[in-house]
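**Q**
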Amino acid sequence: MKHTLRQVFQSGKFLIGFSIFSFILLVVIIYPRVITDPPLQIIGQGTFFPPGLYVNVYDSLNTPYYTLNLPNATRNRIASKLSDEDRQAIKEWLTAVGISEDQIDVENTAQLLEQWANNYDPTLRVPGMTNARRNYFIRLNSSLSRLLATEGVSIAVRNEETGELEEIGAVTQTDYVNASQVPNVRLLLLGTDNFGRDVLTELVVATRVSLLIGIVAGLVATSIGLALGLLSGYVGGVVDDVITFITNLFIVIPSFVLLILISFSIGQNQRGPITIAVVIGFTSWVWTTRAVRSQVISLRNRDHVNLSKLSGYSIVHIILKDILPYIASYVVMALILQISSGIIAEAGLSILGLGPRTTEVPTLGLMLYWAMIYQAHIFGKWWAYLPVLITIALITFSMNLMNTGLDHVFNPALRD
Amino acid sequence: MSDEKKLCLSGKGVTKVFGVGRRKTVAVDHVDFNFYEGEIISIVGESGSGKTTLAKMLLGLINETEGDIYFQGEKRDIGSHRKKKKYWKSIQAIFQDPFSAYNTFNKIDTVLLDCIRMRGGGRLPHEQKVAMMTEACSFVNLKFAELTNKYPFELSGGQQQRLMIARIFLLKPKILLADEPTSMIDACSRATILDMLMQLRDEIGMTPIFITHDIGLAYYVSDSVYIMEHGRFVESGSADEVILRPKEPYTKRLLNDVPKIYEEWDLSTV
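Chains as they are written, first to last, in the working numbering: chain C, 1340 to 1755; chain B, -17 to 252.
(1) So, C:GLY1553 versus C:THR1628, is the Cβ gap smaller than 8 Å?
(2) For B:SER(-16), count neighbouring Cβ atoms within 10 angstroms of its own Cβ and tell me buried if that reaches 16, exposed if not.
(3) Roughly how many whole angstroms lie between the Cα atoms of C:LEU1529 and C:PRO1701?
(4) Verify whether the separation of the beta carbon atoms of C:VAL1631 and C:LEU1638 is less than 8 Å.
(5) In the DSSP assignment, the beta strand (DSSP E) including B:PHE192 goes from what residue to what residue?
(6) Quick check: is the beta carbon of B:MET100 nearer than 8 Å to any beta carbon in chain C?
(7) Does DSSP classify B:GLU117 as helix, strand or coil?
(8) By the three-class DSSP mapping on this structure, what secondary structure does C:GLN1450 have?
(9) Rounded to whole angstroms, how far is the Cβ of C:PRO1378 from the Cβ of C:THR1540, which I believe are closer than 8 Å?
(10) Counting Cβ pairs closer than 8 Å, one from the region 68 to 75 of chain B and one from the region 1645 to 1655 of chain C, do we hit at least three?
(11) Using a Cβ-Cβ cutoff of less than 6 Å, which residues in the same chain neighbour B:THR130 once the five nearest sequence positions on both sides are dropped?
(12) Do C:LEU1542 and C:VAL1727 have their CB atoms nearer than 8 Å?
(13) The beta strand (DSSP E) spanning B:ASP161 covers which residue range?
(14) Residues of chain B with a CB under 8 Å from the CB of C:SER1633: which are they?
(15) According to DSSP, is C:ILE1798 helix, strand or coil?
(16) Three Cβ pairs or more, each shorter than 8 Å: is that satisfied between the region 101 to 116 of chain B and the region 155 to 162 of chain B?
(17) Put B:HIS12 into one of helix, strand or coil per three-state DSSP.
(18) Name the two residues that bound the continuous alpha helix (DSSP H) containing C:ALA1471.
(19) Which word fits B:LEU94, buried or exposed, when buried means at least 16 other C-beta atoms lie within 10 angstroms of its C-beta?
(20) If we ignore side chains and look at the alpha-carbon of each, how far apart do C:SER1493 and C:GLN1442 end up?
(21) On a Cα-Cα basis, can you pick out the residue from B:HIS195, B:CYS170, B:PHE121 and B:GLY1 that is closest to B:THR233?
(22) Report yes or no: is there a C-beta of chain C within less than 8 Å of the C-beta of B:HIS12?
(23) Suppose only complete runs of 4+ residues qualify. What are the alpha helix (DSSP H) ranges in the region 16 to 85 of chain B, listed by chain order?
(24) Can you grab the Cα-Cα spacing for the pair C:GLU1431 / C:ALA1449, in whole Å?
(25) Helix, strand or coil for C:GLU1431, going by three-state DSSP, please let me know.
(26) How many whole angstroms separate the CB atoms of B:MET188 and B:GLY27, which I take to be in contact at a CB cut-off of 8 Å?
(27) Is it true that the CB of C:VAL1538 sits closer than 8 Å to the CB of C:ALA1752?
(28) Listed from N- to C-terminal order along the chain, which residues in the region 1375 to 1406 of chain C have their beta-carbon within a distance smaller than 9 Å of any beta-carbon of chain B?
(29) Could you check which residue in B:GLY102, B:ILE175 and B:LYS(-6) has the C-alpha nearest to that of B:LEU152?
(30) Listed from N- to C-terminal order along the chain, which residues in the region 57 to 85 of chain B have their beta-carbon within a distance smaller than 7 Å of any beta-carbon of chain C?
(31) Would you say B:ASP222 lies against chain C (beta-carbon separation less than 8 Å)?
(32) Report yes or no: is there a C-beta of chain B within less than 8 Å of the C-beta of C:ARG1547?
(33) Buried or exposed for C:GLY1508, going by 16 or more other Cβ atoms inside 10 Å?
(34) Out of curiosity, what's the CA-to-CA distance linking B:ILE255 and C:LYS1352?
(35) Output the distance between the C-alpha atoms of B:MET100 and B:ILE147, rounded to the nearest integer angstrom.
(36) For B:ALA221 versus B:TYR201, is the C-beta spacing smaller than 8 Å?
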């Protein structure tokens, strides 16, 4: 046993797969203990906030200001409002209203903006311009106001009695706040999803739930497959015929179709993650049964089984002690594959809208489902679906790698 | 040997058929036999003649399709697990391939303790069990102290086969079915193994039945010889009668196939 384990951990493939899987497992266990926010809490008002550090504006007005004279500050400020693309668009407008190209210098911001202010007219209809383009110019125009202003802004509060604004402070362009002094800062590493939930926190919990679904599905499938395979292979005769018939029946029906039908008929309200896991398990035991059966058939005629019989052992003892250890490595490999395919099956079901009900727990499949429904892939909100896809890929990749590693250890034909 | 020979195992029309319809294979075809207590019996035949199938039926590991097997003059009844267990106290086997005969996950101790338990000694104090195992091992020239906590696959083929005999020593069955006990081990160990089996026979008074393809071995050890061809006994009788004056062409062929040192070998098949 010790020797076998050492052999397994010497396999490079197994080790890489095991490391990736352990890392995912560690993150899933440790992250919720460090960051205790409820995973499904809706924090963002609006959909798909991009990843980044969110600093409370109100709080930062009330924290001490520091004056930093940074040389690139103005340029950065202008660049964030006026990209190269916008400059080209301005040039396009200016040439359309009749200014010759050599008079336009896209690099000279002050001149460009002056020409823009003099020539832009939102009511003007340029021939051949689409409505979307027109709206773009309107948005551009409003964002350009006060771009070159050098004075600061005033902070004012409204007097409750008179309704007049009273200035209580001012912010200049060289004022900075220290982010660590702002009491409310939230790092959203992966932004928010369509409901305004923190994607990272949700992803960690979803990974945990999906792993649980995979493990339950894998255990259910493997135990059914193992029990039927052992029974059918060892007992033989009519039992074998009946079980083989049922197995063949299930092989003919594509299991995913069966999965869809069962999930659909269970109904949305009954579909918890464990229910889904059990359903997945019940539709994917077929291949394990067949494989175990054929292994047992070849084992049951071996002499060591005969010796055990002659030593007066019961069928149960022989199956547990003389058959099971010989197929254990195979069963473990089958279990690993069942777990990873269980995770994928859940994702597939959820994308079709037949996954677990959505209000209580996130799963990887459900995250993909919502990202798809809200068209995150069309609007380029990559943080809503790409991390989920990568997580699924990593989990299944690591498990398949472990499986290949085990195969190399236990399959003499592949040993080098 | 007493003059009055007691029947220990006999069969009438014993048949085993595998498969049905077109894929039907008759492995053992209506064989009759009478094995007497104290005799050494050999069943000789080439590969595929049905010897091992017959042995498995005699052991009760597989059921016969047709015919009856009689144990000590009475019809054998091994319908339930308890009756089988009782039957297996009287009949035991040594298998051809020692390398596949042991469960690789069990230690040697387990193999031997199983035998003590089978003989009803499961509740004996541990020291007594160790003493019994040591005795059994020393009978086959093995040292129990060196074997304990080892796995069977750590032994050589000859040692494993000797361990198998130690098993029989502990079990003390009435009948021993030895299915090609020496075909997988080298020629030197072979004589030792046969010698030990003969010694064991004298010691515990069992009836050995050798299943072999080696007609030389059969002549060397046995009192009665049964020649098996395609599932049937074609010739049977005392060893001298069958081997020195063979009637059947099949027996003659088997005799011719025994390799001889001073003659040129005839490798042409018949």
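Every residue gets a Cβ at the ideal spot worked out from N, C-alpha and C, and that includes glycine. Note that this is a predicted model, so its numbers are computed, not measured.
**A** According to the structure data:
(1) No, the Cβ-Cβ distance between C:GLY1553 and C:THR1628 is not below 8 Å.
(2) Note on B:SER(-16): pLDDT 45, under 50, position unreliable in the model; the coordinate value appears next. Counting the other CB atoms within 10 Å of its CB gives B:SER(-16) a total below 16, which places it among the exposed residues.
(3) Each residue's Cα considered, the two are about 16 Å apart.
(4) Taking 8 Å as the Cβ cut-off, C:VAL1631 and C:LEU1638 do not qualify as a contacting pair.
(5) Taken as a continuous stretch (DSSP letters only), the beta strand (DSSP E) holding B:PHE192 covers 189 to 194.
(6) By this cut-off, B:MET100 is an interface position.
(7) It is helical.
(8) It is helical.
(9) The pair is a contact, with the Cβ atoms about 5 Å apart (cut-off 8 Å).
(10) Touching, yes.
(11) If we look at B:THR130 and ignore the five residues flanking it on each side, its Cβ neighbours are ASP91.
(12) Their beta carbons are under 8 Å apart, which means C:LEU1542 touches C:VAL1727 by this criterion.
(13) DSSP places B:ASP161 in the uninterrupted beta strand (DSSP E) bounded by 157 to 161.
(14) Taking a Cβ-Cβ cut-off of 8 Å, C:SER1633 has no neighbours in chain B, whose nearest Cβ is about 18 Å from it.
(15) Residue 1798 of chain C lies beyond the residue range present for chain C, which begins at 1340 and ends at 1755; the question has no answer from this structure.
(16) Because the criterion of three Cβ pairs below 8 Å is not met, the region 101 to 116 of chain B and the region 155 to 162 of chain B do not touch.
(17) In this structure, B:HIS12 counts as strand in the three-state DSSP scheme.
(18) Per DSSP, C:ALA1471 is one residue of the alpha helix (DSSP H) stretching across 1470 to 1483.
(19) Looking at its Cβ environment, which holds 16 or more other Cβ atoms inside 10 Å, B:LEU94 is buried.
(20) Take the alpha-carbon of C:SER1493 and the one of C:GLN1442: they are about 37 Å apart.
(21) The residue with the shortest Cα to Cα distance from B:THR233 is B:HIS195.
(22) By this cut-off, B:HIS12 is not an interface position.
(23) Segments of the alpha helix (DSSP H) lying fully in the region 16 to 85 of chain B: 33 to 41 and 63 to 72.
(24) Whole-angstrom Cα-Cα distance: 17 Å.
(25) The DSSP-derived three-state label of C:GLU1431 is helix.
(26) Contact annotation, B:MET188 with B:GLY27: C-beta distance approximately 23 Å; criterion of less than 8 Å not satisfied.
(27) With respect to the 8 Å criterion, C:ALA1752 and C:VAL1538 are not classified as neighbours on the basis of their beta carbons.
(28) So the list is empty, because no residue satisfies the distance condition.
(29) Residue nearest to B:LEU152 within the set B:GLY102, B:ILE175 and B:LYS(-6) is B:GLY102 (criterion: CA-CA distance).
(30) Those residues of the region 57 to 85 of chain B that come within reach of chain C (Cβ to Cβ, closer than 7 Å) are HIS63, LYS67, TRP70, GLN74, ALA75, PHE77, ASP79, SER82, ALA83, TYR84 and ASN85.
(31) Answer no: the Cβ-Cβ gap between B:ASP222 and chain C never drops below 8 Å.
(32) Using a CB distance cut-off of 8 Å, C:ARG1547 does not count as an interface residue toward chain B.
(33) In this structure C:GLY1508 is exposed. Its beta-carbon is surrounded by fewer than 16 other beta-carbon atoms within 10 angstroms.
(34) Nothing about residue 255 of chain B can be read from this structure; chain B reaches only from -17 to 252.
(35) Each residue's alpha carbon lies about 16 Å from the other.
(36) It is a contact, given that the beta carbons lie within the stated cut-off.
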